[in-house]
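Number of protein chains: 2
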Amino acid sequence: MTPPETSPDQPLITILDDEPEIRLMLADALNEAGFRTKGFARATEFEAALKSTAPDVCLVDLGLPDKDGLALVHRLALESGAAIIIISGRAQVQDRVTGLELGADDYIIKPFDPAEVVARVRARLRKTRSEDKVSDTARFAGWTAHFERYVLTDSEGVETPFSHAEGEVLRLFLESPKRLVSRARMQEILGGAAGESFDRAMDVRISRLRTKLREDPKNPRLIKTIYGAGYIFLGDVKWE
Amino acid sequence: MTPPETSPDQPLITILDDEPEIRLMLADALNEAGFRTKGFARATEFEAALKSTAPDVCLVDLGLPDKDGLALVHRLALESGAAIIIISGRAQVQDRVTGLELGADDYIIKPFDPAEVVARVRARLRKTRSEDKVSDTARFAGWTAHFERYVLTDSEGVETPFSHAEGEVLRLFLESPKRLVSRARMQEILGGAAGESFDRAMDVRISRLRTKLREDPKNPRLIKTIYGAGYIFLGDVKWE
DNA sequence: AAGGGCTTGTTACAATTCGAAAGGAATGAG
DNA sequence: CTCATTCCTTTCGAATTGTAACAAGCCCTT
Numbered sequence: 156m157t158p159p160e161t162s163p164d165q166p167l168i169t170i171l172d173d174e175p176e177i178r179l180m181l182a183d184a185l186n187e188a189g190f191r192t193k194g195f196a197r198a199t200e201f202e203a204a205l206k207s208t209a210p211d212v213c214l215v216d217l218g219l220p221d222k223d224g225l226a227l228v229h230r231l232a233l234e235s236g237a238a239i240i241i242i243s244g245r246a247q248v249q250d251r252v253t254g255l256e257l258g259a260d261d262y263i264i265k266p267f268d269p270a271e272v273v274a275r276v277r278a279r280l281r282k283t284r285s286e287d288k289v290s291d292t293a294r295f296a297g298w299t300a301h302f303e304r305y306v307l308t309d310s311e312g313v314e315t316p317f318s319h320a321e322g323e324v325l326r327l328f329l330e331s332p333k334r335l336v337s338r339a340r341m342q343e344i345l346g347g348a349a350g351e352s353f354d355r356a357m358d359v360r361i362s363r364l365r366t367k368l369r370e371d372p373k374n375p376r377l378i379k380t381i382y383g384a385g386y387i388f389l390g391d392v393k394w395e
Numbered sequence: 156m157t158p159p160e161t162s163p164d165q166p167l168i169t170i171l172d173d174e175p176e177i178r179l180m181l182a183d184a185l186n187e188a189g190f191r192t193k194g195f196a197r198a199t200e201f202e203a204a205l206k207s208t209a210p211d212v213c214l215v216d217l218g219l220p221d222k223d224g225l226a227l228v229h230r231l232a233l234e235s236g237a238a239i240i241i242i243s244g245r246a247q248v249q250d251r252v253t254g255l256e257l258g259a260d261d262y263i264i265k266p267f268d269p270a271e272v273v274a275r276v277r278a279r280l281r282k283t284r285s286e287d288k289v290s291d292t293a294r295f296a297g298w299t300a301h302f303e304r305y306v307l308t309d310s311e312g313v314e315t316p317f318s319h320a321e322g323e324v325l326r327l328f329l330e331s332p333k334r335l336v337s338r339a340r341m342q343e344i345l346g347g348a349a350g351e352s353f354d355r356a357m358d359v360r361i362s363r364l365r366t367k368l369r370e371d372p373k374n375p376r377l378i379k380t381i382y383g384a385g386y387i388f389l390g391d392v393k394w395e
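So the protein sequences, as listed, match chains X and Y.
Position one of the first sequence corresponds to residue 156 (the working numbering), numbered consecutively onward.
Position one of the second sequence corresponds to residue 156 (the working numbering), numbered consecutively onward.
In structure tokens:
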């Protein structure tokens with residue numbers, strides 16, 4: 156038997172809504188379209204799950220009982236690489252503007268048609284994914300990363316080769332600079348395999364990368380560790 | 156005077172709509188928000204202009220006289236790196252779905268509020284260019300909190316790093332200043348786990364945060380505790 | 001206004017998480 | 001087959017964070 160309607164490399168969509176019918180309706184439509192889905196009724200459950208999984212798109216209902224939905228959206232926007240789509244009964248323009256301003260990527264008003272939600276989810280995935288492959292060179296903080304040659308060049312032209320594993324980490328950072336990259340997201344993108352002590356391997360990769368970037372271990376300027384949360388890459392990145 | 160509302164490195168937004176009033180309304184709102192704009196009444200002009208300039212976001216009205224708007228959107232999506240936002244009077248779900256499937260990044264229905272258009276344009280720019288990110292620094296009482304760097308800066312520029320846990324508390328306060336933050340709410344947002352003696356952990360976090368803010372223990376000026384209720388953060392907060 | 005009970009602040013310590021060095025399996029070139 | 005490279009695993013030390021214990025403060029009752 157091999158009926159994985161949802162293979163593990165399909166995009167993962169989370170649904171956060173306290174109404175079971177809506178969760179079901181959305182999950183059905185999205186599964187139909189070939190996405191993996193995970194539903195949550197409460198924000199706390201959702202946040203707990205975020206520590207172990209990294210969704211690609213998050214559907215968030217603002218009318219949650221247990222938490223301020225907008226604050227959650229704000230934090231998500233900053234700490235997660237996922238696209239955020241607000242689903243709300245509040246239809247005022249001001250609500251939409253503040254929601255988008257806080258970091259949401261889209262805002263859908265209830266009642267909605269599942270087909271439109273699917274279309275908007277697809278639109279978000281298109282942007283985040285297609286952009287990755289376009290360019291293979293990035294500049295940041297005096298460095299230039301050539302991904303096709305696996306080489307780092309400093310401001311004076313000195314070249315430092317980097318390995319494939321190091322490149323994966325570096326690319327992940329350069330694609331979402333100045334944003335917290337959770338360990339879960341790294342694991343999902345890199346190892347994929349739910350390693351028990353794969354965490355250590357990530358540490359090693361990052362350690363190596365830091366060395367090649369000539370970071371001061373006591374005071375890293377580019378790759379900063381956020382204890383208990385993940386990493387954040389500082390520095391302005393420009394892809395070419 | 157020096158009123159370059161639109162410096163050349165500001166994002167460029169094109170507006171393609173045959174109604175002059177709408178072009179004007181959109182251009183005004185977008186210029187106000189600091190964007191450069193270029194308006195076009197006909198698709199042919201627009202396409203000619205594309206050869207010499209690369210916009211960051213294209214607003215496209217589907218009801219054009221001289222060409223099929225959807226075909227234009229499709230070609231744009233394939234050939235241009237710009238984000239595409241459809242503006243249309245056609246409000247059917249099917250219209251929106253096909254518009255999005257063809258490569259549009261967003262779909263706004265007429266009549267619209269310019270403020271929402273600006274917010275949606277910003278949302279698109281956030282994703283395509285890494286600049287213009289969500290606000291993540293706050294000023295208050297001489298301090299500046301840089302949440303992406305996890306650093307507090309005082310009025311003289313001295314930096315004090317803060318940890319993730321401390322940042323969560325600080326962010327919570329800065330998101331609702333001069334309002335009572337109940338202990339229960341803090342617990343939900345921070346610990347999540349319905350702590351039995353997690354209360355102490357919050358106290359500790361706040362204690363450490365107060366230390367970094369150089370509060371006088373006997374007379375806290377910023378984080379005031381309301382006995383039996385929670386805390387209140389005094390001080391004018393401005394997010395940037 | 002004084003004392004008791006509850007809430008909150010602070011300090012010290014323990015548990016958890018992370019960094020870096022060293023050793024070993026897998027892959028590939030010659 | 002041997003060597004080299006890469007990358008994972010192990011291990012130990014360092015940093016952050018939760019927990020426990022106790023001191024201090026607030027509020028209410030008497």
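Cβ atoms here follow ideal geometry from the backbone N, Cα and C, with glycine treated the same way.
Source: prediction; values computed, not measured.
Check, Outcome
"Return no unless some Cβ of chain Y is closer than 7 Å to the Cβ of residue 219(X).", "no"
"Among 171(X), 201(X) and 206(X), whose alpha-carbon lies nearest the alpha-carbon of residue 342(X)?", "206(X)"
"Looking only at its own chain, which residues have a Cβ that is under 6 Å from the Cβ of residue 328(X), when we skip the five neighbours before and after it?", "388"
"Starting from the N-terminal side, write out each stretch of the beta strand (DSSP E) that is 3 residues or longer and does not extend beyond the segment 247-307 of chain Y.", "261-264, 292-295 and 298-301"
"Between which two residues does the beta strand (DSSP E) harbouring residue 328(X) extend?", "Residue 328(X) -> not in any beta strand (DSSP E); alpha helix (DSSP H) instead, spanning 319-330."
"Excluding the 5 residues preceding and the 5 following residue 218(X) in the sequence, name in chain order all residues of the same chain whose CB lies nearer than 8 Å to its CB.", "173, 224, 243, 244 and 245"
"With DSSP run on the structure shown, which of helix, strand or coil describes residue 362(X)?", "helix"
"Determine the burial state of residue 260(Y): buried for a count of at least 16 other Cβ atoms within 10 Å of its Cβ, exposed for fewer.", "buried"
"Using only CA atoms, which one of 278(Y), 267(Y), 337(Y) and 257(Y) lies nearest to residue 178(Y)?", "267(Y)"
"Between the beta-carbon of residue 228(Y) and the beta-carbon of residue 257(Y), is there less than 7 Å?", "yes"
"Under the three-state reduction of DSSP, which class applies to residue 171(Y): helix, strand or coil?", "strand"
"Decide if the segment 292-308 of chain X is in contact with the segment 274-283 of chain X; the criterion is three or more beta carbon pairs, one per stretch, under 8 Å apart.", "no"
"Since I believe residue 181(X) is in contact with residue 272(X) (beta carbons under 8 Å), could you give me their beta-carbon distance rounded to a whole number of angstroms?", "6 Å"
"Which of the three DSSP states, helix, strand or coil, is assigned to residue 208(X)?", "coil"
"Could you check where the alpha helix (DSSP H) with residue 228(X) kicks off and where it finishes?", "224-234"
"Closer than 7 Å, CB to CB, is residue 309(Y) near chain X or not?", "no"
"Give me the DSSP bridge partner(s) of residue 316(X).", "306(X)"
"Do residue 295(Y) and residue 390(Y) have their C-beta atoms closer together than 7 Å?", "yes"
"Can you give me, in chain order, the residues of the segment 374-393 of chain Y that have a beta carbon less than 7 Å from any beta carbon in chain X?", "none"
"Compare the C-beta of residue 291(X) with all C-beta atoms of chain Y and state if any pair is closer than 7 Å.", "no"
"Can you pull the chain Y neighbours of residue 226(X), defined as C-beta to C-beta under 9 Å?", "326, 327, 330, 331 and 344"
"Classify residue 378(X): buried if its beta carbon has 16 or more other beta carbons within 10 angstroms, exposed otherwise.", "buried"
"If distances are taken between C-alpha atoms only, which option among 269(X), 183(X) and 195(X) comes closest to residue 248(Y)?", "269(X)"
"On a CA-only basis, which of 189(X), 187(X), 366(X) and 204(X) is nearest residue 195(X)? Give me that one, please.", "204(X)"
"Are the Cβ atoms of residue 210(X) and residue 171(X) separated by less than 7 Å?", "no"
"Kindly indicate the opening and closing residues of the alpha helix (DSSP H) around residue 340(Y).", "338-344"
"Between which two residues does the beta strand (DSSP E) containing residue 197(Y) stretch?", "Here residue 197(Y) belongs to no beta strand (DSSP E), and DSSP marks it neither H nor E."
"In angstroms with no decimal places, state the Cα-to-Cα distance between residue 395(Y) and residue 226(X).", "16 Å"
"Please return the same chain residues whose Cβ sits closer than 6 Å to the Cβ of residue 169(Y), not counting the five positions on each side in sequence.", "193, 210 and 213"
"CB residue 262(X) to CB residue 239(X), shorter than 7 Å?", "no"
"For a contact meaning CB atoms closer than 7 Å, what does residue 252(Y) contact in chain X?", "270, 271 and 274"
"Looking at C-alpha atoms only, which residue of 380(Y), 232(Y), 190(Y) and 237(Y) is the closest neighbour of residue 334(Y)?", "380(Y)"
"Helix, strand or coil, according to DSSP, for residue 238(Y) in the structure here?", "strand"
"Can you list the residues of chain X that residue 304(Y) reaches, using a CB-CB cut of under 9 Å?", "333, 379, 387 and 389"
"Quick check on this structure: which residue in 208(X), 186(X) and 202(X) has the alpha carbon closest to the alpha carbon of residue 344(X)?", "208(X)"
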